[in-house]
Each structure stands twice: as C-alpha cells, then as structure tokens.
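Quick note on numbering: full-length UniProt numbering labels position 395 of the sequence shown as 395, and the sequence is numbered without any gaps.
Accompanying notes for the structure given below.
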Amino acid sequence: MEEFRHSYSRLCKERGAEPQETVLQQLQELPWGRLDLATQSLTVDTCRALGALLQKEALLTELILSDCMLSEEGATLLLQGLCANTVVRFLDLKGNNLRGAGAEALGKLLRQNKSIQSLTLEWNNLGAWEDAFATFCGALASNGALRQLDLRNNQISHKGAEQLALALTRNASLQQLDLRWNNIGLLGGRALVSCLPRNRTLWRLELAGNNIPGDLLRAVEQAMDHNQDRQTAFRENRARTRVLSKEVRHLHEEKSKQFLDLMETIEKQRKEMDRSGRASAVRVGQLQEALSERHSVINALKAKLQMAEAALALSEQKAQGLGELLATAVEEQRSLAERQADEHRLEQQAALERESKLLRDLSAANEKTLLLRNQVDELERKVRSQQEQLFAAREELTSTTAELRARAIQAEERLELEKKRSRQSLEDLERLRATEVEHMSRHLEESERAMQERVQRLETSRLSLEEELSRVKAAALSERGQAEEELIKAKNQVRLEEQQRLAHLEEKLRLLAQARDEAQSACLQQRQTVADAQARAGQLGLQVEGLRRRLEELQQVAGTGGWGGSPRCPPRPPHAHPHVLQELSHKDQEKVAEVTRVRVELQEQNGRLQAELTAQEALREKVAALERQLKVIAGDHREALLDRESENASLREKLRLKEAEIARIREEEAQRASFLQNAVLAYVQGSPLRAMGPQK
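This is the structure:
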C-alpha cells in the first residue's frame with residue numbers, strides 16, 4: 001500500500017493538484033489487498049488519479065467507495081479506470097447519488113470488466129433516468145462474472161423492472177439481486193415473475209417495499225426456491241463428482257496396485273514354473289536313469305533267465321540221456337539189476353533230489369521272473385503316467401504361458417489406457433486443486449488480512465464508533481420523532497379532509513333529500529287536486545245526468561198532454577217552455593265551461609306534474625352523479641389512506657432497520673469491547689511483571 005500511496009501522490013502532483021490528506025491517511029492505514037475510502041469526500045482530481053492507478057493495480061481485490069459524495073465526472077473517471085482492471089472482485093458504491101452518466105459508466109464497466117463479482121449500488125438514483133438504466137440493464141445481460149448485485153433505494157419504476165427482467169432472461173451468472181425499497185409496483189412485479197422461469201442461476205431476489213401483491217411475491221419465492229434447489233443439486237452433483245473422482249483415483253491406484261501385485265504374482269509363478277520345470281527335468285533325468293538301470297537289471301535278469309532255461313534244457317537233456325542210459329542199462333544189465341539195485345536206488349534218489357532241487361530252483365527262477373516282469377510293467381506304467389503328466393504339464397505350461405502372455409498384453413494395454421486416463425484425470429484434478437488451493441489461499445490471506453486489520457483498528461475505532469453510535473442514536477431519535485410528527489400531521493390532515501368532505505356530502509345529501517321531499521309533497525298535492533277535480537267532474541257529470549233525466553221527464557210530460565189535447569194530438573214543440581230551455585241551455589253552458597275549465601286545470605296540472613317529474617328525474621340523475629362522485633372520492637380517499645399506510649409501513653420498516661442496525665452496532669461494540677478486555681486480561685496475565693509480582 002505504500003507504493004500505491006506514493007503513486008497517488010505522484011499522479012496528483014503531475015496533474016497540478018494536491019493529494020487529499022484524508023485519502024493519504026486512509027491509504028497508509030489500509031491492509032493489503034483492500035482499499036476502503038468510505039465516507040471520504042473525493043474530488044475530481046483524486047478520482048482521476050485513482051482511476052489511472054486502478055488500471056494497472058494488480059493487488060487490490062476490494063474497493064469500498066460508499067458515501068463518498070462522488071460527482072458524475074469523478075464517478076465516470078473511476079469507473080473508466082476499473083474497466084481495464086482484472087483483479088478487483090468487490091466494488092461498493094453505496095450512497096453516491098449516481099444518476100444518468102453514472103448508470104452509463106456502470107454499463108460500460110459491466111461490458112468490459114470480467115472480474116467484479118459483487119457490486120453494491122444502494123441509495124443511488126439509477127432508476128430515475130430510464131434510457132441510462134436501460135443501457136445499464138443491457139450491459140448486465142451480457143456480463144458473465146457478476147454474482148451479487150444490490151440495487152436498493154434506486155427509484156426503479158415498473159419500466160426499469162421490465163428492463164431488468166429482459167436482462168435477467170439473458171444473464172447466466174447473477175445469483176443474488178436485491179431490489180428492496182423501489183417503485184416497481186404490479187407491472188414490474190409481473191415482468192420479473194415472467195422472466196424467472198428462463199433464469200436458472202438466480203436463487204435470491206429481494207422485493208420488499210415495492211407495492212407488489214402477495215401472490216407475485218409468493219411466485220417469486222417459489223421460483224427462488226426452485227433455483228436454490230437447482231443450485232443445491234448442482235453443488236451436490238459437483239461434490240459427488242469430486243467424491244467420484246476421488247473414488248476413481250482411488251480405484252485407479254488400487255487397480256495399479258492390483259496390476260503390480262498381479263505382475264508380481266505372474267513373475268513369481270514364472271519363477272516357480274521355471275523352478276518346477278527344472279525340478280521336473282531333473283526328476284525326468286533321474287527317472288530316465290532309474291529306468292535305464294531297471295532296463296539293465298531286467299536285461300541281466302533276462303540273461304540269467306536264459307541261462308537258467310539253457311541249464312534246464314541241459315538238465316532235461318541229461319535226464320533224457322540218463323533215462324536212455326538207464327533203459328539201456330536195464331536192458332543190458334538186467335542181469336545185474338539185483339546187484340546194482342541198491343546203487344541204482346541210491347543214484348535214483350540222488351537224481352530225484354537233484355531233480356527236485358532243480359525244479360525248486362526253476363520255480364523260484366520263474367517266480368523271480370514273474371516278479372521282475374510285474375515290476376517292469378509297473379515301472380513302464382509309472383513311466384508312461386509320468387510321461388503323460390509331463391506332457392500334460394508341458395501343454396498346461398504352454399497354454400498358461402500363452403494365456404498369461406495374452407493377459408499380460410491386455411493388462412498392459414489396459415494399464416496404458418488407465419495410465420493415460422489417470423494422467424489426464426490427475427492433471428485435471430491437479431488443475432482444479434491448484435485453482436481451489438489458490439482460491440482458498442487467497443481467501444485465507446484476505447481473511448487473515450481482514451482479521452489483522454480489525455485487530456489493529458479495534459483500539460482506534462472504539463471511541464469513534466461510540467461517538468458515531470451516539471450520533472446515530474440522536475439521528476434515529478430525531479428521525480423517529482420527525483416521522484411520528486409527520487405521521488400525526490398526515491393523519492390529522494386526512495381526518496380533517498375526510499370530515500370536511502363528509503360534511504359537504506352530508507349537506508348535499510340533506511339538500512337533495514329536502515328537494516326530494518318537497519317534490520314528493522308537491523306531487524301529492526297535485527295528485528290531491530287531480531282527485532278533487534275528478535270528484536268535481538264526477539259530481540258535475542251526476543248533475544248533468546240528473547238534468548238530462550229531468551229533461552226527458554219534462555219531455556215525456558209534455559208529450560202525454562196537460563194542454564187539453566187528446567193523446568192523439570201531436571206534441572208541442574220544445575219552445576213551448578222557454579224558461580226550461582233557457583235553464584237547460586244555461587246549465588249546459590255552465591257544464592261545458594266547468595268541463596273546459598277543469599280540462600284546462602288538468603292540463604296545467606299535468607304540465608306542472610310533467611315538469612316536476614322531469615325535475616325529479618334531473619334530481620335523481622344529480623343524486624346518482626353525486627353518489628358516483630362520492631364513491632370515486634371514497635375510493636380516492638381509500639387509496640390515499642392505503643398510500644399513507646404504506647408510507648407509514650415503509651417508515652416503520654426503515655425505523656426498524658435503523659434500530660436493528662443500532663442493535664447490531666451495539667452488539668459489535670460489545671463484542672469488540674469484550675475482545676479488547678479479554679486481550680488486555682490475557683496480556684496482563686501473560687506479562688512477566690505479573691509472573692514476578694505477588695499473587696493476590
């Protein structure tokens with residue numbers, strides 16, 4: 001970081017600007033691989049220098065620029081510098097009021113940069129400029145490295161949500177998207193829900209505080225659960241593939257060991273077969289020598305047998321010659337038989353003894369020859385069986401050697417294939433292991449640096465955090481009070497407006513009811529007058545009917561005669577009674593005048609009634625129009641109340657988040673204080689002064 005600090009100072013001086021002391025101080029205190037300039041007001045020159053440095057910097061992986069009050073030009077310069085960077089993984093631009101130019105610069109960054117995986121854009125105004133936000137969404141669609149995107153409180157409307165939905169249909173890398181506290185509404189929610197089935201990587205989508213109905217939120221949750229299940233299945237498959245690769249590698253090792261053991265056993269079998277072959281060759285030589293010895297013994301026995309047979313033949317010939325001599329001697333010396341009987345008897349006994357001895361010798365020799373023949377047969381059978389065994393052993397040896405050679409060739413081929421596969425898999429696994437080891441080493445180094453930074457900054461940041469906590473508490477209390485006051489004012493204003501509207505509407509309704517009552521009373525009066533006129537007309541009709549009857553009676557009386565004539569005399573003319581005719585004509589005229597007057601009055605009353613009916617119809621139409629207007633006003637009032645309630649809910653949610661953040665800060669402070677206390681106690685307990693001092 002010291003080299004980065006010197007480069008920043010050098011670039012600022014080359015451009016004729018003074019480096020910011022706060023930035024230099026932060027650069028001096030920052031750990032390795034992380035640049036944190038949060039809450040630092042960065043000028044345009046500083047942004048230009050940092051952008052030029054970030055183009056070539058290869059050590060920074062995290063860049064935090066939250067609440068830096070960046071201008072449009074400064075943000076553009078910084079993002080232009082990051083376009084050529086290939087190392088930064090985490091970028092935080094929270095609370096910088098980025099607008100149209102910032103959105104276009106972010107779109108250019110997402111098109112050109114392939115290393116940023118997490119982008120935080122909370123508390124900006126990207127959604128207020130629709131064209132620039134559409135450019136940003138188009139760049140997001142073509143980006144393949146971003147994993148996490150935070151767009152909370154960016155004034156994104158339903159059109160911006162539609163652009164985001166189009167981007168999500170083409171994006172295949174984004175996994176987490178936060179759109180809370182925007183103005184997406186029903187149309188934007190529908191667009192996002194319609195795009196989710198075509199996106200299989202997004203497994204976390206936050207849409208709270210956007211006036212989206214519950215069914216759409218549930219549909220989004222279902223889609224996220226589905227994608228999360230898919231991601232878990234993908235991770236499980238990856239873990240299984242790793243396990244299987246390990247098992248395959250283990251099997252390869254076992255197979256190689258087995259193959260080596262098999263080769264060793266084959267070598268041992270070869271050696272044993274060589275030894276057995278040599279032993280069998282020696283044994284065959286010994287057997288051949290014994291066989292030759294047995295053959296020589298058999299030949300000797302055969303020679304002895306032939307000699308015994310020759311001796312036997314000679315003895316038989318001698319016996320025959322002796323018999324012949326005996327016969328001749330008997331024939332020639334019969335006379336001397338008695339004298340030589342004893343001698344002959346003795347000689348005969350001796351001959352018999354010699355013959356029996358020769359017979360016994362002959363039988364013994366025959367038995368010996370039989371035994372020798374049997375032994376020779378057994379030896380020949382043994383030799384044949386041993387020769388057959390030797391031949392079978394040779395054939396088995398040749399077949400086993402051929403089979404072993406074939407198996408050895410196949411095993412060598414398989415071994416070569418397995419070696420190639422194992423080498424390839426080992427190379428792949430080695431590459432994967434190297435990448436994982438590199439990633440894990442980076443992660444461990446980053447975590448170690450972060451822990452070292454925390455440990456170093458704990459002592460210096462406790463007082464500042466306490467002051468910040470007090471300021472946050474005061475600000476939260478003031479915001480809470482202001483929000484409650486605004487809420488009370490809004491409620492009172494709504495109540496007053498509602499009361500005024502209700503009073504005005506009640507007054508209108510009262511006047512309309514009064515006019516309706518007056519019209520109804522006038523109608524009743526007109527009906528009464530019509531009924532009276534009809535009654536008078538009926539009475540006049542009765543009078544006219546009575547006068548007509550009287551006239552007929554008078555005519556009948558005048559016809560029957562009271563003027564001295566007979567019934568056959570002709571009747572007198574009507575003008576014979578002028579006063580009656582005058583009275584009748586007068587009554588007829590009065591009747592006609594009365595009837596015409598009644599008709600005129602009835603027509604006038606009908607006209608007035610028609611006018612009153614038209615007026616009543618107009619009043620009814622006015623009443624219906626006023627009722628419709630009242631319904632519209634009531635609906636607007638309900639919508640206004642719902643909007644106020646949603647605003648109140650959002651204010652309450654913000655207040656709850658602030659309180660949660662305050663509680664989290666308190667917990668972190670308590671943990672830090674406990675860590676400091678434990679560290680101090682451990683230091684004090686482990687110091688040599690305490691070891692040398694007396695124990696309390």
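No residue lacks a Cβ here, since even glycine has one placed at the ideal position from N, Cα and C.
Computed from a predicted model, the values in this text were never measured in an experiment.
Beta bridge counterpart(s) of arginine 34 as assigned by DSSP | Glu62
Could you check what DSSP says for glutamine 410 in three-state terms: helix, strand or coil?
-> helix
For leucine 140, the first and last residue of its enclosing alpha helix (DSSP H) = 130-142
Runs of alpha helix (DSSP H) wholly within the segment 70-141 (minimum 4 residues, chain order) | 72-83 and 100-112
Which of helix, strand or coil DSSP assigns to glycine 564 | The predicted model places glycine 564 with a pLDDT of 40, which falls under 50 and marks its position as unreliable; any figure quoted below should be read in that light. Of the three classes helix, strand and coil, the one that applies to glycine 564 here is coil, per DSSP.
Presumed contact (8 Å Cβ cut-off) between alanine 141 and leucine 166, rounded CB distance | 7 Å
Proximity below 9 Å, CB of leucine 584 to CB of leucine 547 = yes
Since aspartate 178 is in the beta strand (DSSP E), which residue starts that stretch and which ends it?
-> 176-178
DSSP on leucine 205, reduced to helix/strand/coil?
-> strand
Taking DSSP as the reference, what is the three-state secondary structure of aspartate 67?
-> coil
Exposed or buried, what is serine 478 when buried is set at 16 or more other beta-carbons lying within 10 Å of its beta-carbon?
-> exposed
Can you name the residues that DSSP bridges to aspartate 342?
-> According to DSSP, which records beta bridges pairwise, aspartate 342 is partnered with nothing at all.
From what residue to what residue does the alpha helix (DSSP H) around glutamine 148 run?
-> Element bounds for glutamine 148: not the alpha helix (DSSP H) but the beta strand (DSSP E), 148-150.
Straight-line CA distance for leucine 17 to leucine 37?
-> Before going on, a small fix: residue 17 reads as alanine here, not leucine. In a straight line, the C-alpha of alanine 17 is about 19 Å away from that of leucine 37.
In angstroms, rounded to a whole number, what distance separates the CA positions of threonine 135 and glutamate 104?
-> 6 Å
Going by Cα to Cα distance, which pick from Leu119, Ser470 and Val680 is closest to asparagine 659?
-> Residue identity differs from the one stated: residue 659 is glutamate in this sequence, not asparagine. Checked all of Leu119, Ser470 and Val680; the closest Cα to glutamate 659 is Ser470.
Do glutamine 112 and phenylalanine 90 have their CB atoms nearer than 9 Å?
-> no
Residue interval of the alpha helix (DSSP H) (run including arginine 170) = 158-170
Evaluate the contact criterion for the segment 184-193 versus the segment 156-174: three or more CB pairs, one atom per stretch, below 8 Å.
-> yes
Assign valine 297 to buried or exposed, taking buried as 16 or more other Cβ atoms, counted over all protein chains shown, within 10 Å of its Cβ.
-> exposed
Since arginine 152 contacts glutamate 122 with CB under 8 Å, what's their CB separation in whole angstroms?
-> 4 Å
Between which two residues does the alpha helix (DSSP H) containing serine 194 stretch?
-> 185-195
Can you give the Cα-Cα distance for proline 19 and glutamine 26, rounded to whole angstroms?
-> 12 Å
Return the chain-ordered list of same chain residues with a C-beta closer than 6 Å to the C-beta of leucine 168, the five sequence neighbours on each side being excluded.
-> Cys195 and Asn199
Just confirm the distance between the C-beta atoms of alanine 535 and valine 598, as a whole number of angstroms; I'd bet it's less than 8 Å.
-> Not confirmed; about 11 Å, so no contact.
Residue from Ser256, Thr401 and Leu314 with nearest C-alpha to arginine 421 = Ser256
When you compare only the Cα positions, how much space is there between leucine 372 and glutamate 378?
-> 10 Å
Quick one: grab the DSSP three-state call for asparagine 154.
-> coil
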